[in-house]
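K.L.:
Questions regarding the structure given below will be posed in turn.
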Amino acid sequence: MTDAFFTLHADVPREGPGDAGSLHWALELAEVKPDARILDAGCGPGADIADLLVAAPQGHVTAIEAHAPFVDRINAAWAEDTRVTAQVGDMARPGGPYDLIWCAGALYFLGITEGLTTWRDALAPGGVVAFSELVMLGDNPAAPVMAFKNEYPAFAGIETLKARIEAAGYDLLGLQVLSDAAWEAYFGPLDARIAALRPGADDALTAVLDEQANEAAVWRAHRDQFGYALVVVRPR
Ligand SMILES: C[S@@+](CC[C@H](N)C(=O)[O-])C[C@H]1O[C@@H](n2cnc3c(N)ncnc32)[C@H](O)[C@@H]1O
Numbered sequence: 024m025t026d027a028f029f030t031l032h033a034d035v036p037r038e039g040p041g042d043a044g045s046l047h048w049a050l051e052l053a054e055v056k057p058d059a060r061i062l063d064a065g066c067g068p069g070a071d072i073a074d075l076l077v078a079a080p081q082g083h084v085t086a087i088e089a090h091a092p093f094v095d096r097i098n099a100a101w102a103e104d105t106r107v108t109a110q111v112g113d114m115a116r117p118g119g120p121y122d123l124i125w126c127a128g129a130l131y132f133l134g135i136t137e138g139l140t141t142w143r144d145a146l147a148p149g150g151v152v153a154f155s156e157l158v159m160l161g162d163n164p165a166a167p168v169m170a171f172k173n174e175y176p177a178f179a180g181i182e183t184l185k186a187r188i189e190a191a192g193y194d195l196l197g198l199q200v201l202s203d204a205a206w207e208a209y210f211g212p213l214d215a216r217i218a219a220l221r222p223g224a225d226d227a228l229t230a231v232l233d234e235q236a237n238e239a240a241v242w243r244a245h246r247d248q249f250g251y252a253l254v255v256v257r258p259r
């Protein structure tokens with residue numbers, strides 16, 4: 024990702040769709056205990072950490088993220104709270120053991136089957152993974168939706184996602200498609216940031232702003248054809 028990409032994303036609260044309601048649905052399904060050891064894998068700027076700690080108030084969140092400025096933001100925000108440890112790292116080598124691995128919109132970097140297989144060793148006995156993933160909805164997506172495959176060749180439907188989970192030897196405990204509100208929690212702040220950055224943007228930044236604006240426009244025009252599936256899974 025380029026400097027221009029991170030200029031756009033520097034101050035936004037989250038890097039993909041998500042909200043408190045769906046997170047708590049997942050953590051209830053996962054039967055997360057108040058003292059749970061949680062990994063927030065590919066945590067971005069840490070949008071979900073506060074809600075993870077609502078579910079596990081005596082627990083601990085290890086937040087692992089490849090992009091150092093996001094980690095700096097989390098460490099600044101949680102400096103006074105020993106329940107949070109944020110570190111620059113690779114979520115493919117997450118340490119552990121964890122009672123819950125939470126991964127909002129980042130597992131695709133490892134591959135669903137590959138990532139879940141890797142995380143088996145990082146889970147405590149009875150541990151659970153909750154992750155969200157872009158999915159195709161319906162059988163006949165419009166061209167701008169199919170174009171996601173250019174950037175993300177693994178883009179596929181819910182049955183394929185289930186097959187990838189099965190291939191890793193995990194049971195599916197539950198699945199929900201995230202609400203429009205969860206998408207707006209992502210796009211709303213980005214819309215405002217795009218508007219603020221447009222005046223005076225150089226060519227590289229303008230290209231990034233256009234690309235991001237197009238992503239939001241495609242979602243608003245075709246949101247019945249793709250979504251984010253939030254799934255809760257446990258290794259057999
Ligand atoms: C789509 S963003 C989601 C961020 C955050 N979970 C959220 O919902 O706001 C995916 C994040 O995963 C991070 N990432 C990608 N590969 C990674 C890896 N191997 N280890 C750690 N973080 C990674 C990216 O830097 C990015 O911040």
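Under the working numbering, the first residue of the sequence shown is numbered 24, with each subsequent residue one higher.
The beta carbon of each residue, even a glycine, is placed where N, CA and C say it ideally should be.
Checking 8 Å against the spacing of the C-beta atoms, do Asp104 and Ala86 come in under that value?
P.N.:
No, Cβ-Cβ distance for Asp104 and Ala86 is not below 8 Å.
K.L.:
Should Pro92 go down as buried or exposed, given a rule of 16 or more other Cβ atoms within 10 Å for buried?
P.N.:
exposed
K.L.:
Output yes or no for whether 8 Å exceeds the beta carbon distance between Trp142 and Pro40.
P.N.:
The answer is no: Cβ separation not under 8 Å.
K.L.:
Say yes only if the C-beta of Ile135 is nearer than 7 Å to one or more non-hydrogen atoms of ligand 1, and no if none qualify.
P.N.:
no
K.L.:
Which class does Trp101 belong to by DSSP, given the choice of helix, strand or coil?
P.N.:
coil
K.L.:
Per DSSP, what kind of secondary structure is Val241 in: helix, strand or coil?
P.N.:
helix
K.L.:
Select from Trp125, Leu130, Asn237, Asp214 the residue whose C-alpha is nearest the C-alpha of His47.
P.N.:
Trp125
K.L.:
Does the Cβ of Phe132 lie closer than 7 Å to at least one heavy atom of ligand 1?
P.N.:
yes
K.L.:
Using only the heavy atoms of ligand 1, determine whether one of them is closer than 7 Å to the beta carbon of Glu88.
P.N.:
yes
K.L.:
Could you give the distance in angstroms between the alpha-carbon of Glu189 and the alpha-carbon of Ala215?
P.N.:
40 Å
K.L.:
For Tyr121 and Val200, which I take to be in contact (beta-carbon distance under 8 Å), what is that distance rounded to the nearest angstrom?
P.N.:
So it is not a contact: roughly 26 Å between Cβ atoms.
K.L.:
Less than 7 Å between the CB of Ala227 and some heavy atom of ligand 1, yes or no?
P.N.:
no
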